[in-house]
Amino acid sequence: MKMINGVSMIPFGLLAGFADQNEIRIIELAENGFRFRTAKDSETLTGKIKCFRICFYDDEISDYREILLREYQIEKPEEEKFYFTYSVFTKQEDFRKEVQGLFRRYTRYIHLKTEEDDAALAEALTGYPAEKDEIFAKNLTEQKNIWFQDVPGTKLAEILHESKEFVLELDRPELYRMYLEENIQDFMKHYWEQTFFAFSEEIPECVPDRLYIGNQFCHLLFPEEKTLKTLLDKAYREGLAITIVYTYVRESLLKNTEKMLHMVDNWCEEKQKDVEIVVNDWAILSMAKKTPHLKLCMGTLLNKRKKDPRMKYKKGTREFYSENSLNADFYRDFLREKCGFQRFEWESCGYPQRFPEEKNSLHFPFYQTNTSQYCPLHAICTEGERGKQCLVENCPHFCEKYMLIYPEHLHMIGRYNSLFGLDLETLMHPEMLKEKEETGIDRLVLGLI
764 MKMINGVSMI
774 PFGLLAGFAD
784 QNEIRIIELA
794 ENGFRFRTAK
804 DSETLTGKIK
814 CFRICFYDDE
824 ISDYREILLR
834 EYQIEKPEEE
844 KFYFTYSVFT
854 KQEDFRKEVQ
864 GLFRRYTRYI
874 HLKTEEDDAA
884 LAEALTGYPA
894 EKDEIFAKNL
904 TEQKNIWFQD
914 VPGTKLAEIL
924 HESKEFVLEL
934 DRPELYRMYL
944 EENIQDFMKH
954 YWEQTFFAFS
964 EEIPECVPDR
974 LYIGNQFCHL
984 LFPEEKTLKT
994 LLDKAYREGL
1004 AITIVYTYVR
1014 ESLLKNTEKM
1024 LHMVDNWCEE
1034 KQKDVEIVVN
1044 DWAILSMAKK
1054 TPHLKLCMGT
1064 LLNKRKKDPR
1074 MKYKKGTREF
1084 YSENSLNADF
1094 YRDFLREKCG
1104 FQRFEWESCG
1114 YPQRFPEEKN
1124 SLHFPFYQTN
1134 TSQYCPLHAI
1144 CTEGERGKQC
1154 LVENCPHFCE
1164 KYMLIYPEHL
1174 HMIGRYNSLF
1184 GLDLETLMHP
1194 EMLKEKEETG
1204 IDRLVLGLI
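So for the sequence shown, the numbering used here puts the first residue at 764; every next one is plus one.
Here it is, written out as structure tokens:
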């Protein structure tokens, strides 16, 4: 008996199979049965399987339909070099109907994937508003006005003022310069004007308790040693707590990074003051553990989770996104006891999250979705195409003047070597920040583009 009109290698996400409790890989599917492969020989399987459970994904309900196959016949396996292939035949009517439905949906998907663009594919499968992809703001000023025009600035400032700890990110050269030229009160006034200018007059004085100095995503935006030392001295004079922020470290920068860490440790020894360091690279962790005055925080690039502004268009439940690896007690114990992490950095990324009972910092309102060591903005400015990316060594900091604007409805923007989404809900409803503080967050970190 041979398979007729079988479809080979349907993606596992669309078709999954189990022989009793053992997972199997179905390599060919037809209305009268299927074929699967395993490393076990026929003596192990033949006559011992009580039933097969076949799971067919249905995108219309965003869930699987399961068929229990009890009436079937297993043909003698075909022996290959590294595995055996089994053929299973059945006349069950419910199996045949599910196979027909899967073939219909799979054919439709292939048609959309090969003949339409990504927006049309998403529109057909999820209801994504493809027509809105043609609506862009004219420039960053207009984009900010659209985003921030209805944000209750006074209420936001009150929440930050009353928070357990309010932190401001200094993550790029223009902010380093601006902060060094002014006292903290004047700096904050100009900071609000430049970033939240749409409602800056509504915001009363709101001075942070701590500064995050450095960038989690681009190694070329970290301050030079002399600038960092000056920033540390000024923050110390103004009574602000300090966290130094590192991103990934390239191999060519290892020695320079280690030198910088020792400089900071010596500064701490001189001032008799500890500072925190946000770690986003295991090499930096190794070096930072040798410096007794640096308190370690696990950064965003290491605290991974699924983030995308388009997730709101996905079908099905998003409940499982609320947790990630840090919700596992044993993993946090390892990070705390073996790695020395004392705090964890999180982002407000557009959906509810469950925070563990630890010291947790929440970055808002922007969250990172993509980062590349080969800067797409630099490629556009120098080559005219984002695809012509290369390693940048002497960076002219195009990101001080230019950004990448995306369709307005996506609430996202491209800055330096990364893409960021905007969680506008945390700005429109600042009380959400208060709620997050009550569920495990003890530090709010404001970072504005």
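Every residue, glycine too, gets a C-beta built ideally from N, C-alpha and C.
With 16 or more other Cβ atoms from the protein chains shown falling within 10 Å of its own Cβ, K1070 counts as buried. The beta carbon of G1113 lies closer than 8 Å to those of K1070, P1072, M1074, K1075, Y1130, G1184, D1186, E1188 in the same chain, with the five residues before and after it left out. Taking 4 residues as the shortest admissible run, the stretch 1094-1182 contains the following complete alpha helix (DSSP H) segments, listed from N- to C-terminal end: 1139-1146.
Annotation: R1013 is outside any alpha helix (DSSP H) and is labelled neither H nor E by DSSP. For Q836, the enclosing beta strand (DSSP E) stretches over residues 836-842.
When the alpha-carbon of H924 is set against those of M941, D972, Y827, the nearest one is in D972. The C-beta distance from L792 to F815 rounds to 12 Å, too long to meet the 8 Å contact threshold. Counting of Cβ neighbours within 10 angstroms places M1061 among the buried residues, the total reaching 16 or more.
According to the DSSP secondary-structure assignment, T848 is paired through a beta bridge with R800, E841.
The stretch 1168-1175 and the stretch 885-895 touch, with no fewer than 3 CB-CB distances between them shorter than 8 Å. The C-beta distance from E834 to K813 rounds to 12 Å, too long to meet the 8 Å contact threshold. Apart from the 5 residues on each side of it in sequence, P1139 sits with its Cβ closer than 8 Å to the Cβ of R1149, Q1152, L1167, G1177, N1180 in its chain, given in chain order. Bounds of the beta strand (DSSP E) holding N785 are 785-793.
With at least 16 other beta carbons inside 10 angstroms of its own, H1141 counts as buried. In the three-state DSSP reduction, K918 falls in the helix class (H, G or I). In this structure, the beta-carbon distance from I830 to V851 does not fall below 8 Å. Inclusion of L1196 and V930 in the CB contact set at 8 Å is not warranted, their separation being larger than that value. In the DSSP assignment, R828 falls within the unbroken beta strand (DSSP E) covering 826-832. For F781, the uninterrupted beta strand (DSSP E) segment begins and ends at 778-782. The criterion of a C-beta distance shorter than 8 Å is satisfied by L943 and K997. Excluding sequence positions up to five before and after G776, its CB lies within less than 8 Å of the CB of Y820, all in the same chain and listed in chain order.
Contact annotation, D826 with G1079: C-beta distance approximately 7 Å; criterion of less than 8 Å satisfied. Secondary structure of L1064 (DSSP, three-state): coil.
Beta-bridge analysis with DSSP links F866 to no other residue. For A998, the uninterrupted alpha helix (DSSP H) segment begins and ends at 988-1000. Setting aside the 5 residues that flank it on each side, E921 has no residue in the same chain whose C-beta is closer than 7 Å to its C-beta. Beta-bridge partners of L931 (DSSP): L974, L1209. The shortest CA-to-CA distance from W1030 to any of T993, V1041, T1020 is the one to T993. The secondary-structure analysis by DSSP pairs K1058 across a beta bridge with E1039. Counting the other CB atoms within 10 Å of its CB gives H982 a total of 16 or more, which places it among the buried residues.
Nearest to E928 by C-alpha distance, out of E1200, R1117, I1007, is E1200.
L1187 carries a coil assignment under DSSP once its states are collapsed to helix, strand and coil.
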